[in-house]
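Here the structure comes first, spelled out in structure tokens, and everything after it is commentary.
Okay, here's the thing in structure tokens:
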């Protein structure tokens, strides 16, 4: 699935560059958008930070091309730069909403239910919530369990503008202008909320932004204070808007107490249980050629403690193993690789242990017992 999506993204980008070069900018615009959509989905589907950075760089590159095309559609004065939707200094915000839905997220049904209760139901029937609804939601749990996908899926369900922010990158880039840029982020999101009806700001690795350190640069403190101020503004009395902040972290114990309070909903996203692991193996192998010996239930049994990302990587490794054999054996064009057998999975699993650190898992469960809502 990844290889096919990467191939499609490359084709769309190649077409866009060609059309852009010959001056067919409107057609190029469409192709750039299609490439961004595919790359964004790939970005949210992988947990490998190196690969994610490659996808993100390409997304930003094509977004810059879209902005240049936009600027040529209308004449912009310095005071009317927002006419095109371009806002200076917000290139670090990933604004393209990934095409992810609930069917792409296997298991974690309790998490999905909690998110729907907090975000989807108030949007559908606001009169049922006279006391308001949670606008700050924290998703915490082991890495690779779908926290980012949950944020993207709910944005799609309520047709919300989606703003993805990597807190670690933000803090390394903003330095002295941190509070100004956080204010700009929320202003941009509010404008999008007014136009589109709802907006979600998804802050990944939020502990990088909200934790207290022994030694701090002044900008970090100002960034935290500005974020607290912006989150407080979402819950002002009589103010009801569909603007949400979803924070994600693998280390919730690093969060400062004031931020813990601002997240009215704190939802634990756990490792997949036995049923979920079996469903994950079925989901990730649905496009692979499997032999009769493959038993997804048994695979689920022997992968206790593995994350959803671990299971995806196992399936990808098996796919690569079969493809490698096929090419190394010098098979002629037009022939097909052999079917994947249970032994192929067992061989990969024996070499690939869970990526989850047990000590951190214990700390997550203890934090959940104390703070989860």
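Residue numbers (my numbering): 37 to 409.
For each residue, glycine too, the CB sits at the ideal point set by N, CA and C.
Could you check where the beta strand (DSSP E) with residue 65 kicks off and where it finishes?
Not the beta strand (DSSP E): residue 65 falls in the alpha helix (DSSP H), residues 61-81.
Please name the residue, chosen from 74, 304, 193, that lies closest to residue 404 on a Cα-to-Cα basis.
Considering only 74, 304, 193, the residue with the shortest C-alpha distance to residue 404 is 304.
At which residue ranges does the stretch 330-371 contain complete alpha helix (DSSP H) runs of 4 or more residues, listed in the order of the chain?
Complete alpha helix (DSSP H) runs here, min 4: 332-338, 344-364.
Are the Cβ atoms of residue 235 and residue 196 separated by less than 8 Å?
Cβ distance < 8 Å, so residue 235 and residue 196 count as in contact.
Under the three-state DSSP convention, the category residue 125 falls into
At residue 125, the pLDDT of 46 sits below 50, so the modelled position is not reliable; the number obtained from the coordinates is stated separately. Note: residue 125 maps to coil in three-state DSSP.
If you follow the beta strand (DSSP E) that residue 157 is part of, which residue opens it and which one closes it?
For residue 157, there is no enclosing beta strand (DSSP E); the residue is found in the alpha helix (DSSP H) stretching over 157-160.
Taking the continuous beta strand (DSSP E) assigned at residue 239, which residues delimit it?
First-last of the beta strand (DSSP E) with residue 239: 235-240.
Pair within 8 Å by beta-carbon distance, residue 413 and residue 156
The first residue shown for the chain is 37 and the last is 409, placing residue 413 beyond what the model contains.
Leaving aside the five residues before and after residue 169 along the sequence, list all residues of the same chain whose C-beta is less than 7 Å from its C-beta, in chain order.
Taken in chain order, the residues that qualify are 154, 158.
Go ahead and label residue 311 buried or exposed: buried means 16 or more other beta carbons lie within 10 angstroms of its beta carbon, across all protein chains shown.
It is exposed - the Cβ of residue 311 has fewer than 16 other Cβ atoms within 10 Å.
Do residue 291 and residue 257 count as a contact pair if the criterion is CB distance below 8 Å?
No, Cβ-Cβ distance for residue 257 and residue 291 is not below 8 Å.
Suppose you measure from the CA of residue 226 to the CA of residue 261; what does that come to, to the nearest Å?
Their backbone Cα atoms lie some 19 Å apart in a straight line.
How would you write the range of the alpha helix (DSSP H) that residue 144 sits in, first residue to last?
No alpha helix (DSSP H) holds residue 144; DSSP gives it neither H nor E.
Three-state secondary structure assigned by DSSP to residue 327:
Of the three classes helix, strand and coil, the one that applies to residue 327 here is coil, per DSSP.
Could you tell me the boundaries of the beta strand (DSSP E) in which residue 301 lies?
Bounds of the beta strand (DSSP E) holding residue 301 are 301-304.
With 16 as the cutoff for other CB atoms within 10 Å, does residue 281 come out buried or exposed?
Buried, since its Cβ has 16 or more Cβ neighbours within 10 Å.
Nearest-angstrom beta carbon gap, residue 74 and residue 45 [assumed within contact, 8 Å]:
Indeed they touch by this definition, with Cβ atoms about 4 Å apart.
With H, G and I counted as helix, E and B as strand and the rest as coil, what does DSSP make of residue 151?
Under the three-state reduction of DSSP, residue 151 is assigned to helix.
How is residue 86 classed by DSSP in three states: helix, strand or coil?
Look at residue 86 here: in three-state DSSP terms it is helix.
Hey, residue 181 and residue 306: beta-carbon distance below 8 Å or not?
Their beta carbons are under 8 Å apart, which means residue 181 touches residue 306 by this criterion.
CA-to-CA distance, residue 81 to residue 121, given in whole angstroms
Note that residue 121 scores a pLDDT of 45, beneath 50, so its modelled location is shaky; the value from the coordinates is reported in the next line. Roughly 27 Å separates the two Cα atoms.
Let me know if residue 285 comes out buried or exposed under the rule of 16 or more other beta-carbons within 10 Å of its beta-carbon.
It counts as buried.
Identify whether residue 113 lies in helix, strand or coil by the three-state DSSP scheme.
Confidence at residue 113 is low in this model, with a pLDDT of 30, below 50, so the placement of that residue is unreliable and no value is reported for it.
So residue 165 is in the beta strand (DSSP E); what residue range does that whole segment cover?
Boundaries cannot be given for residue 165, as no beta strand (DSSP E) includes it and DSSP labels it neither H nor E.
Return the chain-ordered list of same chain residues with a C-beta closer than 6 Å to the C-beta of residue 94, the five sequence neighbours on each side being excluded.
For residue 94, where only same-chain residues beyond five positions count, the Cβ hits under 6 Å are 75.
Rounded Cβ spacing between residue 320 and residue 390 (contact assumed at less than 8 Å)
Not a contact, Cβ separation roughly 16 Å.
If we cut at 8 Å on Cβ distances, does residue 41 have a partner in chain C?
Although the question refers to chain C, the structure presented lacks it and comprises just one protein chain.
Residues near residue 114 in its chain [Cβ-Cβ closer than 7 Å; skip 5 each side]:
Here residue 114 scores only 34 on pLDDT, less than 50, and its place in the model is too uncertain to base an answer on.
Could you give the first and the last residue of the continuous alpha helix (DSSP H) run that contains residue 405?
For residue 405, the uninterrupted alpha helix (DSSP H) segment begins and ends at 394-407.
Straight-line CA distance for residue 224 to residue 145?
Approximately 32 Å between the Cα atoms of the pair.
What does DSSP give as the partner residue(s) for residue 202 in the beta ladder?
Under DSSP, residue 202 shares a beta bridge with 240.
Bridge partners - residue 284, DSSP secondary structure assignment:
In the DSSP output, where bridge partners are listed per residue, residue 284 has 175.
Can the beta-carbon of residue 175 be found less than 8 Å from the beta-carbon of residue 186?
In this structure, residue 175 places its C-beta atom within 8 Å of the C-beta atom of residue 186.
With 16 other CB atoms within 10 Å as the buried threshold, where does residue 295 fall?
Counting every other CB atom within 10 Å of its CB across the protein chains shown gives residue 295 a total of 16 or more, marking it as buried.
Roughly how far, in whole angstroms, is the beta-carbon of residue 56 from the beta-carbon of residue 49, given that I think they are within contact range, below 8 Å?
In fact, because the Cβ distance is near 10 Å, the residues do not count as touching under 8 Å.
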